[in-house]
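Numbering (mature numbering (1 follows the signal peptide of the UniProt record, and there is no 0)), first residue to last: -23 to -1, 1 to 212.
In structure tokens form, the structure reads like this:
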């Protein structure tokens, strides 16, 4: 929450600065495509990375509001992370939320993404993107199952693997690994943009057996700060 507040303060200050900049207007293309490399960092040695391709299309006569789509390969790692009960029908009650402690998680995802963007000037733009549907994968890890209801009928140590299917359903109904970014971007050149902002890479593990409340899915929802470079070779 503190990281998110810092980002909103940063974004407000950034937009105020942009309003003070008298950048020369330039023709904004109707369609453009770029390749993007992003790296993020957060608490508990959390680290995210992503390589993506996306294409955007200008809307209305100005082309400043842009709608885009693409494909993103992403990864997430951390240290001693508590993954909590994931299914939406269980997260509404604290009594049905359990914990799976994974010492060294590493999850991967390959998903189609949606991108919304607004170009403030020839030098600045803001945007949001999110994974919509795809595949999750990664190595199997040992997890420590923590539950007040476990009186011996469930093992304390279980095997867990990254959930294999990613699907955006909004909130706790989401499945698998889904990455989203809120960002501001600055044009370093005609072809290259520098992006920065908040990265939320929600990751999920599925255990090799059902545990309390017939649940086998556990999710971790970090907030990270990221930087990225976007390059448009076709511009």
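All C-beta atoms, glycine included, are put in the ideal place defined by N, C-alpha and C.
Counterpart residues of residue i in DSSP-defined beta bridges
i	result
residue 58	79
residue 106	92, 158
residue 206	14, 171
residue 142	112
residue 137	118, 184
residue 176	158, 201
residue 7	In DSSP, residue 7 forms no bridge with anything.
residue 85	52, 114
residue 152	144
residue 164	170
Contact under 9 Å by Cβ, residue i with residue j
i	j	result
residue 183	residue 132	no
residue 10	residue 209	yes
residue 110	residue 143	yes
residue 33	residue 130	no
residue 175	residue 211	no
residue 88	residue 156	yes
residue 86	residue 153	yes
residue 219	residue 44	Limits of the chain in this structure are -23 at one end and 212 at the other, which puts residue 219 out of reach.
residue 50	residue 29	yes
residue 172	residue 205	yes
residue 196	residue 62	yes
residue 55	residue 98	no
residue 38	residue 83	no
residue 64	residue 192	yes
residue 178	residue 47	no
residue 31	residue 96	no
residue 158	residue 79	no
residue 162	residue 101	yes
residue 207	residue 12	yes
residue 71	residue 21	no
residue 19	residue 147	no
Boundaries (first-last residue) of the alpha helix (DSSP H) holding residue i
i	result
residue 68	65 to 68
Span of the beta strand (DSSP E) around residue i
i	result
residue 131	Residue 131 -> no beta strand (DSSP E), and no H or E assigned at all.
residue 74	Looking at the DSSP string, residue 74 is not in any beta strand (DSSP E), and its letter there is neither H nor E.
residue 123	118 to 123
residue 97	Neither: residue 97 is in no beta strand (DSSP E) and is coded neither H nor E.
residue 292	With the chain covering -23 to 212 only, the question about residue 292 has no answer from this structure.
Quick check: the stretch 58 to 77 against the stretch 172 to 192, are there 3 or more CB pairs under 8 Å?
Between the stretch 58 to 77 and the stretch 172 to 192 there are three or more inter-stretch CB-CB distances shorter than 8 Å, so the stretches are counted as touching.
Below 8 Å, how does it come out for the stretch 166 to 173 and the stretch 119 to 136: are there three or more Cβ pairs, yes or no?
In the pairwise beta carbon analysis, the stretch 166 to 173 is classified as not touching the stretch 119 to 136: fewer than three pairs are separated by under 8 Å.
At 4 residues or longer, what runs of the alpha helix (DSSP H) sit wholly inside the stretch 13 to 59?
Correct list: empty.
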